[in-house]
Structure formats: C-alpha cells, structure tokens
Amino acid sequence: MGDVAMTVPVIRAFVEQSRSLGTEVKITVVSRPFFKPFFDGIPNVNFFSVDVKGRHKGFLGLLKLYSDLKQLNIDAVADLHNVLRSRIILTLFALSGKKVAFTDKGRAEKRALTRSENKVFKPIKTMVERHVDTFKKLGFNVDLSSRSFGTKFPKKDVMSSEILKISGEKNSQKWIGIAPFAQYESKVYPQDLMQQVIDELASDSNTKIFLFGGGNKEIEILNSFADGKVNVINVAGKLKLQQELDLISNLDVMLSMDSGNAHIAAMLGTKVITLWGATHPFAGFAPFNQPFENCLVSDREKFTMLPTSVYGNKKVEGYEEAMRTICPETVVEKIKGTI
Numbered sequence: 046m047g048d049v050a051m052t053v054p055v056i057r058a059f060v061e062q063s064r065s066l067g068t069e070v071k072i073t074v075v076s077r078p079f080f081k082p083f084f085d086g087i088p089n090v091n092f093f094s095v096d097v098k099g100r101h102k103g104f105l106g107l108l109k110l111y112s113d114l115k116q117l118n119i120d121a122v123a124d125l126h127n128v129l130r131s132r133i134i135l136t137l138f139a140l141s142g143k144k145v146a147f148t149d150k151g152r153a154e155k156r157a158l159t160r161s162e163n164k165v166f167k168p169i170k171t172m173v174e175r176h177v178d179t180f181k182k183l184g185f186n187v188d189l190s191s192r193s194f195g196t197k198f199p200k201k202d203v204m205s206s207e208i209l210k211i212s213g214e215k216n217s218q219k220w221i222g223i224a225p226f227a228q229y230e231s232k233v234y235p236q237d238l239m240q241q242v243i244d245e246l247a248s249d250s251n252t253k254i255f256l257f258g259g260g261n262k263e264i265e266i267l268n269s270f271a272d273g274k275v276n277v278i279n280v281a282g283k284l285k286l287q288q289e290l291d292l293i294s295n296l297d298v299m300l301s302m303d304s305g306n307a308h309i310a311a312m313l314g315t316k317v318i319t320l321w322g323a324t325h326p327f328a329g330f331a332p333f334n335q336p337f338e339n340c341l342v343s344d345r346e347k348f349t350m351l352p353t354s355v356y357g358n359k360k361v362e363g364y365e366e367a368m369r370t371i372c373p374e375t376v377v378e379k380i381k382g383t384i
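At the far end of the sequence shown sits residue 384, using my numbering, and the numbering has no gaps.
Right under this line is the structure:
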C-alpha cells in the first residue's frame, strides 16, 4: 500500500506540470482495484484494474494482461514496482518496440545500510526520487521541489454524512490521526507506550484523536486505546478506503509507524510524524515532503546495528525493545509542536 501511495505525488506532479506547459498526457495506472481511490481526481489519469485472481492470474494471465493493455495504444511504459510480474509486462512492451523504463530500487545501497558489519550509514535516494528518475529515462522531467510542487496536493476532501456520523463536524479542535500498526512487529511502537501517548493527547479537550487499523485483533487493541475517552474515536472497520482518505485529508497531523498510512497521509498533503524501530528513514521510505525531524528514530547509540532491515522483516536478538528508546513525551511534544 505504501509503495503505491509513493507513486501518487510523482504522477500528480507529472500530469499538472505537463498541462502547465500545454502538453496533454494520458496516464493509465495499472494496479489492483483496491488502490483506485488513490488516483481518483487526478486529471488525465485512468485506472486499469488487474484481476490477479481471475483473468490475469499466473503466467498466462500476464499474457492476457499484456494483450489487454496493448489495446490502449500506449506509447511508453514506466514500471514503478520492479518485481517479476511487472518486469515481464515491461519486457513484452519493449519487444514490441515501445519505450520502457523501470525504477531502480537501490537494493545494493539498502543492503549496505542494513548489514551488521561495514555498515554504510548514510541516506540513500528516496523511492519518490527514484520514480522521478524513471520518468526522466522516458524523456519526461518531473520537478518535485517544494517551490515547483507548490499547491499540487489535493484540496481537503468534503466529508460525507457517513463520515460525519463517526467523526462529527470539524470545529476549532485539532484532529490527530494515529495509525499504531505495521506489517512487522519490529516497526510497531510498544502498546503501553502508545497508550501513554494517546492518554496525554486526549487530556486536551481541544483535540480529537482518530485511530486507524484493520482486522479483529487490531480493532480490539484500538478499542482499548480509546476506552473511556470521548475524544478518541476508533474508525477501524467503520469506513471504506475512500472515506478513510477523505478523513485523513482533513487531519491536522497523522502519527504513524513506518507503514502505508504514513505515505497515504503524505500523498494527501497531511502533516506526518513517523516512528522507526528496526527500519530507518535513510533507506528511502521517509514520507514525501515531510521534514526529516518528523521522523523519530530509535537510539542508535544503544542499538548500534540499526537499521537492521529495510522492511522490518528481519529479527535481531536483543533488538526487540529498540523502540522503547523513543519516549512518549518526545512523541507528544512533536505532535503538539506540529499542530
């Protein structure tokens, strides 16, 4: 989900900058249907839903996908995912004479950053910047500098009556989103510390906190976070994706782990604060257009091998408590200073 969200600012900027130069481009985003709402509202962008469980399943399905896409009279192909399936489609278009390019994920640099010995601890190019490079290979310049990007974030979405039944009208209160989960435990802030953060933020009646997650286990934990607090609302399981996007666009700040929620908030222009455990923003996954100081990282003086992983999927003995070095008071102070 985060990988897809990181493509949105690049595509939005590409389309709008092309239009400002009097050049109309048409982009077809090819992805799973779940991600269609990410691209709604971007001019000249169509969405092609891949049926990975039906028509486009398996290798024969990829050939059918290529055949389907050929009907769109595509001039060039940008592979922003760079995995086996997308590379097969890219190769087929290249063999047919189309101009193609793929995103270099910088795997060697990431290995150097996360290895335990001879670690090269320095920031590498972000994934968003790498996507810009992919368009440049195709002959298109995309400028994501703050001056150029300007107001290219979408306007705050108008929330439907269904959302307002859960959120209430936004008045003078500051709205804070908290997404306390991630795919891997090594990226999840300890539950007792997150409870302290929520309790402290909720003690201010001028704030309203929205909790994001999914699945029965996460919903149960979120309910415990919100228990007894009238200004803490668990929205998990209550909203569709498009409705969640509308709500997130109206937040004053989102607190997230190194996860897809951070990138979703960033693509909508919402301020984002992220917490990092086994991973690190130097690996290129810091949320787009956010100040680096909004990335709160675990203490590398105590846990010298950090980051131990790009995605958080590697367990290192003794590093389970790394995120406890991020104090709840620091998190709360950062949030209050941001809103």
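All C-beta atoms, glycine included, are put in the ideal place defined by N, C-alpha and C.
Since we're looking at a predicted model, the values are computed, not measured.
Identity of the residues DSSP links to residue i by a beta bridge
i	result
Asn279	Leu256
Ala121	Lys144
Lys285	Answer is none; Lys285 lacks a bridge partner.
Contact set for residue i: own chain, Cβ-Cβ below 7 Å, skip 5 residues either direction
i	result
Met172	Met51, Gly329 and Phe330
Ser343	Trp321, Gly322, Leu351, Ala367, Met368, Thr370 and Ile371
Gly195	Residue placement at Gly195 is poorly supported in this model, since its pLDDT is 47, which falls under 50; the coordinates still yield a value, given next. Answer for Gly195: no residue qualifies.
Within 8 Å, strictly: CB atoms of residue i and residue j
i	j	result
Asn127	Phe147	yes
Ala121	Lys102	no
Phe93	Thr73	yes
Thr319	Leu296	no
Met350	Ser231	no
Phe198	Val187	no
Phe327	Lys150	no
Asn276	Lys262	no
Ile211	Lys283	yes
Lys155	Val355	yes
Gly363	Gly47	no
Asn339	Ala311	no
Ala224	Phe257	yes
Leu183	Pro373	no
Per-residue DSSP class, three states only, for residue i
i	result
Thr319	strand
Leu300	strand
Asn306	helix
Gly195	For Gly195, the predicted model reports a pLDDT of 47, less than 50, meaning its position is unreliable and no value from the coordinates is stated.
Val53	helix
Leu267	helix
Ala331	coil
Gly106	helix
Ala224	strand
Asn358	coil
Val342	strand
8 Å Cβ shell around residue i - same chain, five flanking residues per side excluded
i	result
Phe84	Val53, Ile56, Val74, Val90 and Phe92
Ser217	Asn251
Leu290	Pro82, Phe83, Asp202, Ile309 and Leu313
Same chain, Cβ closer than 6 Å to residue i, neighbours up to 5 away in sequence not counted
i	result
Gly259	Ala281
Phe255	Gly222, Ile278 and Val280
Thr388	Only positions 46 to 384 of the chain appear in the structure, and residue 388 is not among them; the question remains open.
Lys359	Thr353
Lys71	Asn89
Phe138	Val122 and Val145
### Message
Extract the residue ranges of the beta strand (DSSP E) inside the stretch 65-93, only unbroken runs of 3 or more that lie entirely within it.
### Response
72-76
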